Amino acid sequence: MICCLGPKGSYSEKAAVTFSKAIKDDEIQFEDSIYNVFKAIETNSEFFGVVPSENSIGGSVSLTQDLLLEFPVKILGEVDISINHCLIGYDIKKITEVLAHPQALAQCGHYITKNNWDITPVDSNAKAAKIVSEKKDEKLAAICGVENAEIYGLKVLDENIQDYKNNTTRFFLICNKNKDFKTDLKPNKVSLVIEINKNMPGAFYEVLGVFKYRNVNLTRIESRPSKKEIGNYVFYIDYEYYDDNSALLRDLRMWALNVIELGNYFVLK
Numbered sequence: 001m002i003c004c005l006g007p008k009g010s011y012s013e014k015a016a017v018t019f020s021k022a023i024k025d026d027e028i029q030f031e032d033s034i035y036n037v038f039k040a041i042e043t044n045s046e047f048f049g050v051v052p053s054e055n056s057i058g059g060s061v062s063l064t065q066d067l068l069l070e071f072p073v074k075i076l077g078e079v080d081i082s083i084n085h086c087l088i089g090y091d092i093k094k095i096t097e098v099l100a101h102p103q104a105l106a107q108c109g110h111y112i113t114k115n116n117w118d119i120t121p122v123d124s125n126a127k128a129a130k131i132v133s134e135k136k137d138e139k140l141a142a143i144c145g146v147e148n149a150e151i152y153g154l155k156v157l158d159e160n161i162q163d164y165k166n167n168t169t170r171f172f173l174i175c176n177k178n179k180d181f182k183t184d185l186k187p188n189k190v191s192l193v194i195e196i197n198k199n200m201p202g203a204f205y206e207v208l209g210v211f212k213y214r215n216v217n218l219t220r221i222e223s224r225p226s227k228k229e230i231g232n233y234v235f236y237i238d239y240e241y242y243d244d245n246s247a248l249l250r251d252l253r254m255w256a257l258n259v260i261e262l263g264n265y266f267v268l269k
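In the UniProt record's numbering, the protein residues as written are 1 to 269.
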């Protein structure tokens, strides 16, 4: 069972279908929030989950980054899904309000502002389409994938409305830490969270030096509040898979207060 943000027609469903072919599990269960995807995996250790991690326009999905630390999960895989936001509804001339996930609203900010529409954030773009369909109000429209027009009986009023045309969202396949998952797919990447001793001058420089010394290529560095006190941060680091990863982690722990491994995982192309 693969849990993902619903309802039917969401971009998360597209990612789940892509992952399903790789892990040979084609049963999909829709959840009404990203939080509930994590909760489902925590409750049932046999479930998989699919969650958005970052977008090429809007950046990281903060909720997902935080929940990766809060819940006992690990990352198994990654896939990039192309995003083509469409405006769907009844009559473009009558629209006064658009509904969408906050990330989609941000990605289409120029388009929305130009048309002077009010915005209403909802849990997913597919849910926005479902609400517009159920309310049957011509003043409402949804930003979502084109397939939602057919699913929910609405019209495609405009296409490719995001501010930047090369719009891609990265999704993670996750599972409970206790799940014994085996695959023939080789790991391509590793994700860590590192907490630095802020009272040790040059500590982060030394952490980066570990990767340089071992000739490991970093693909992402991002800071997030530690939630402990203001000015205290943790660093999310992604890097290309390294064969002697245990030795690399040992070296990192010499300079970091805490090193949390989120997963060694495959990347689907």
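Beta carbons are placed, not taken as given, at the ideal position from N, Cα and C, and that holds for glycine. The model shown is predicted, which means the values in this text are computed figures rather than measured ones.
Local conformation of residue i per DSSP, three classes
| i | result |
| --- | --- |
| T64 | helix |
| R250 | helix |
| Q162 | coil |
| V216 | coil |
| G109 | helix |
| L257 | strand |
| I92 | helix |
| N176 | strand |
| K228 | coil |
| F19 | helix |
| G209 | helix |
| P121 | strand |
| N84 | coil |
| N245 | helix |
| E42 | helix |
| L69 | helix |
| N55 | strand |
| S12 | helix |
| F181 | coil |
| residue 277 | Because the chain spans 1 through 269 in this model, residue 277 falls outside it and cannot be assessed. |
| E27 | coil |
Straight-line Cα distance separating residue j from residue i
| i | j | result |
| --- | --- | --- |
| S191 | G263 | 6 Å |
| K212 | L67 | 29 Å |
| residue 270 | V234 | A query on residue 270 cannot be resolved here, the shown segment of the chain reaching from 1 to 269 and no further. |
| N166 | L157 | 20 Å |
| I88 | C144 | 7 Å |
| K189 | N217 | 10 Å |
| N84 | E13 | 15 Å |
| I2 | N199 | 43 Å |
| E229 | V37 | 28 Å |
| K135 | K8 | 18 Å |
| N115 | L257 | 49 Å |
| W117 | K139 | 10 Å |
| C4 | E27 | 11 Å |
| C86 | F30 | 22 Å |
| I260 | P201 | 22 Å |
| S223 | L252 | 17 Å |
| A15 | N197 | 37 Å |
| A40 | K269 | 27 Å |
| P102 | F19 | 24 Å |
Whole-number beta carbon distance between residue j and residue i, since they are thought to touch under 8 Å
| i | j | result |
| --- | --- | --- |
| A128 | L99 | 4 Å |
| T169 | Y265 | Not quite, the Cβ-Cβ distance comes to about 17 Å (not below 8 Å), so this is no contact. |
| R220 | L248 | Between L248 and R220 the Cβ distance is about 16 Å, and since that is not below 8 Å, they are no contact. |
| I81 | F171 | 6 Å |
| V193 | Y236 | 6 Å |
| D123 | S33 | 5 Å |
| E78 | V267 | 5 Å |
Per DSSP, the bridge partner or partners of residue i
| i | result |
| --- | --- |
| S191 | D238 and G263 |
| Y233 | P225 |
| E78 | F172 and V267 |
| Q103 | Q103 pairs with nothing; no bridge assigned. |
| E37 | Inspection of the sequence shows that residue 37 is occupied by Val rather than by Glu. Answer is none; V37 lacks a bridge partner. |
| A141 | V98 |
| K155 | G89 |
| F47 | None; F47 has no bridge partner. |
State whether the region 145-155 contacts the region 99-106, with contact taken as three or more CB pairs (one from each stretch) at a distance under 8 Å. Short answer: they don't touch.
Give a yes or no on contact between the region 82-102 and the region 198-218, applying the rule of three or more CB pairs nearer than 8 Å. Touching, no, given that fewer than three Cβ pairs across the two stretches are closer than 8 Å.
Can we say the region 169-186 touches the region 40-49, given the rule of at least three CB pairs closer than 8 Å? At 8 Å Cβ cutoff, the stretches touch.
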